[in-house]
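So the structure is just underneath, and the comments pick up after that.
Numbering (the working numbering), first residue to last: 322 to 1034.
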């Protein structure tokens, strides 16, 4: 895994904050206008029924509207009919806007995603592509007619017509339309990372030949647009569970409220014999249809019911602000439940631009001889490491001593763990992992000098990567590849550890190098000399212990592990296979963002829990505000500790608070509760103290103030 990051760049935390600026800001005025329109569109019954709690409020609004038109619809009203009609009308108005405010919260959250989709859509256009036919001729064709496997040429200034892989050429590509990053990205064949290009980006220099990897409508941008603006957004397991709980609570309170009329009738008959018929009629008036619906709405958890969808959608939006596209809210939520982070060393923990720093001769050879063999072995290696070896060798006066056209380049593979060149005179030069080179030399009848292990340990203890070089059956020396651990990671890993998240570093380096890097970075565990198969095994082992695992990847060989992980973060610079296997894609190709995604996921869960606590606490306060006033004539008026003027005033005050608290909490639902790296028990205690007690005190104060202001008596 390689990332183009300069060791002098900013610390991880700072670079992550900077990445948030890449996401284009939406037109907030237009967003709110669109949200207001959507708030009324969502009143359609087919849409409203998706939220059981708010649908109950919606049905209540219809019923109160009917009794506003005809107060005697469900029986003769004991009170003045005009006053009852006015009260019913006020209740209908408040209930209607309670539903509208809940719809507005969801529409605002959805609007942010649609704004990002509009930004991505602006990068798509039907361009003329230069398609290469099987006979080598080039013909112009519309990009919409290209199919997977087609070969196209792109010259400087051209828009890249579709997703593809570079198979020839070298050029700089402007990816700012997707990532917001103005710096061009070098694209070339030779690695599965740097060769991947995205349709809608622009070639700034030189010429590239591409093999198209996606049919029209199935490219990366198309899939991202579909994900961020998908109307049929699937709910997460926790969201579904909470929705079911809220629906059950709503049914319970519906049954409870339905028992009020017969209970009131019984009490009224008893009171009439003691206090007279006026007192009994007053009690009956307090149990009118409109009052009962108001009581039900006040008791059911409308606050969290109205904000639940917005919280989930906003979680995906917060991820998008970090230039990460999530395939579903399930992926974002899973980040909050993660127990283990599996991280590649290269590019995630270190900067990833390992460069040749020194040639260490062994077996009686000179530095010049090691440089020459290293140059010969690296001539066909187009990776940054390979080019740095060539550059260092040339500084040591090494020169190409063979005909490159008649030589054969041997590519690196995870299986052989080495690369090199077969020369036209029969010589075989190789460079690679020390144990791989040992095996190569021994297979040809050679011996391994003891100095090799000394050089190997020396480089490893410096935290570097040692590569052995050989020619035929003779080992010449070791190349010291130097890398740097990113600053700020130890603090981030300490924070994760306090949250109960374990970190595991995977690296192809030997155990000594891996141990040095792991200790410096502060990870909990590491796996040295790891292969792609090891990644999957590590993930399965952790999952076998009941843990949820997250990992990053960018290469084709990472795809199986990304698919196996509960959260797989693929790099936008990575291969199509990696991006398809993952459930998140980072447009900035910064693997360290996985750490931030864990924080965002936990913030989502904390926000949902905090607002649920607040909503339930609100219900308790509203219960003690309304019930004593409704049954005041039954002798429980002493429980009216708030001193509310009447049942009508108490109900209307509670409903006004119930409606207004939803838009008041929209910013908190969208932004999220401030995250603190605490344990689950500490978070629970904090939520109960702040949002539980606060959820009881706030409505008491607000309802009393509204009661004082209202002219009802």
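Cβ coordinates follow ideal geometry from the N, Cα and C atoms, glycine included.
Just so we're clear, the structure is a prediction, and the values are computed from it rather than from any experiment.
Might you give, ordered along the chain, the residues of its own chain that have their beta carbon closer than 8 Å to the beta carbon of residue i, omitting 5 neighbours on each side?
{"i": "residue 459", "result": "451, 452, 453 and 474"}
{"i": "residue 790", "result": "691, 694, 695, 698, 750, 751, 752, 758, 796, 797, 798, 799 and 800"}
{"i": "residue 898", "result": "877 and 880"}
{"i": "residue 552", "result": "Unreliable positioning characterises residue 552 in this predicted model, as indicated by a pLDDT of 40, which lies under 50. A coordinate reading is not provided."}
{"i": "residue 989", "result": "928 and 932"}
{"i": "residue 845", "result": "814, 818, 823, 824 and 825"}
Quick one: what does DSSP say residue i is sitting in, helix, strand or coil?
{"i": "residue 954", "result": "Because the pLDDT at residue 954 is just 49, under 50, the model does not fix this residue reliably, and the value given afterwards should be weighed accordingly. Residue 954: helix per DSSP, three-state reduction."}
{"i": "residue 888", "result": "strand"}
{"i": "residue 343", "result": "In this prediction, residue 343 has a pLDDT of 44, which is less than 50 and means its spatial position is unreliable; what the coordinates show is noted afterwards. The answer is coil: DSSP assigns residue 343 none of H, G, I, E or B."}
{"i": "residue 385", "result": "helix"}
{"i": "residue 700", "result": "coil"}
{"i": "residue 905", "result": "strand"}
{"i": "residue 683", "result": "coil"}
{"i": "residue 740", "result": "strand"}
{"i": "residue 847", "result": "strand"}
{"i": "residue 1031", "result": "coil"}
{"i": "residue 1026", "result": "helix"}
{"i": "residue 671", "result": "strand"}
{"i": "residue 829", "result": "coil"}
{"i": "residue 609", "result": "coil"}
{"i": "residue 1018", "result": "helix"}
{"i": "residue 380", "result": "helix"}
{"i": "residue 873", "result": "strand"}
{"i": "residue 913", "result": "coil"}
{"i": "residue 841", "result": "helix"}
{"i": "residue 553", "result": "Because residue 553 carries a pLDDT of 45, less than 50, the predicted location of this residue cannot be relied on, and the following value inherits that uncertainty. Correct three-state label for residue 553: coil."}
{"i": "residue 982", "result": "helix"}
{"i": "residue 489", "result": "strand"}
{"i": "residue 363", "result": "coil"}
{"i": "residue 533", "result": "strand"}
{"i": "residue 508", "result": "strand"}
{"i": "residue 370", "result": "coil"}
{"i": "residue 787", "result": "strand"}
{"i": "residue 820", "result": "coil"}
{"i": "residue 375", "result": "helix"}
Residues in the same chain with beta-carbon distance under 6 Å from residue i, minus the five sequence neighbours each way, listed in chain order, please.
{"i": "residue 1022", "result": "none"}
{"i": "residue 629", "result": "none"}
{"i": "residue 1029", "result": "none"}
{"i": "residue 409", "result": "385, 388, 389 and 611"}
{"i": "residue 376", "result": "369 and 370"}
{"i": "residue 536", "result": "468 and 469"}
{"i": "residue 578", "result": "613, 616 and 617"}
{"i": "residue 1025", "result": "963"}
Going by DSSP, what residues sit across from residue i in a beta bridge?
{"i": "residue 795", "result": "792"}
{"i": "residue 988", "result": "BP columns for residue 988 are empty, so no partner."}
{"i": "residue 676", "result": "803"}
{"i": "residue 451", "result": "461 and 474"}
{"i": "residue 664", "result": "826"}
{"i": "residue 646", "result": "906"}
{"i": "residue 494", "result": "506 and 524"}
{"i": "residue 517", "result": "486"}
For residue i, which residues in the same chain have their Cβ closer than 7 Å to its Cβ, ignoring the five residues on either side in sequence?
{"i": "residue 848", "result": "825, 827, 855 and 859"}
{"i": "residue 765", "result": "793 and 794"}
{"i": "residue 619", "result": "943, 947, 975, 976 and 979"}
{"i": "residue 280", "result": "The shown model of the chain, from 322 to 1034, leaves out residue 280, and the question about it has no answer."}
{"i": "residue 534", "result": "469, 484, 485, 486 and 897"}
{"i": "residue 730", "result": "701 and 742"}
{"i": "residue 803", "result": "675, 676, 678 and 785"}
{"i": "residue 884", "result": "902"}
- Inter-stretch contact at 8 Å, needing at least 3 Cβ pairs: the region 478 to 493 / the region 518 to 526: yes
- Kindly confirm or deny that the region 850 to 861 and the region 876 to 895 touch, where touching means at least three C-beta pairs closer than 8 Å. yes
- Contact between the region 930 to 946 and the region 1012 to 1032: three or more CB pairs below 8 Å? yes
- For the 8 Å Cβ check, are there 3 or more pairs between the region 362 to 370 and the region 623 to 639? no
- Item | Meets three-Cβ-pair contact criterion under 8 Å: the region 975 to 983 and the region 992 to 1004 | no
- Task: Give a yes or no on contact between the region 887 to 894 and the region 904 to 920, applying the rule of three or more CB pairs nearer than 8 Å.
- Result: yes
- Tell me, please, whether the region 766 to 785 touches the region 667 to 685 by the rule of three or more beta-carbon pairs shorter than 8 Å. yes
- Identify every run of the beta strand (DSSP E) within the region 703 to 766, keeping only runs that are complete inside it and at least 3 residues long; order them along the chain. 729 to 731, 739 to 743 and 749 to 754
- Can we say the region 713 to 722 touches the region 811 to 824, given the rule of at least three CB pairs closer than 8 Å? no
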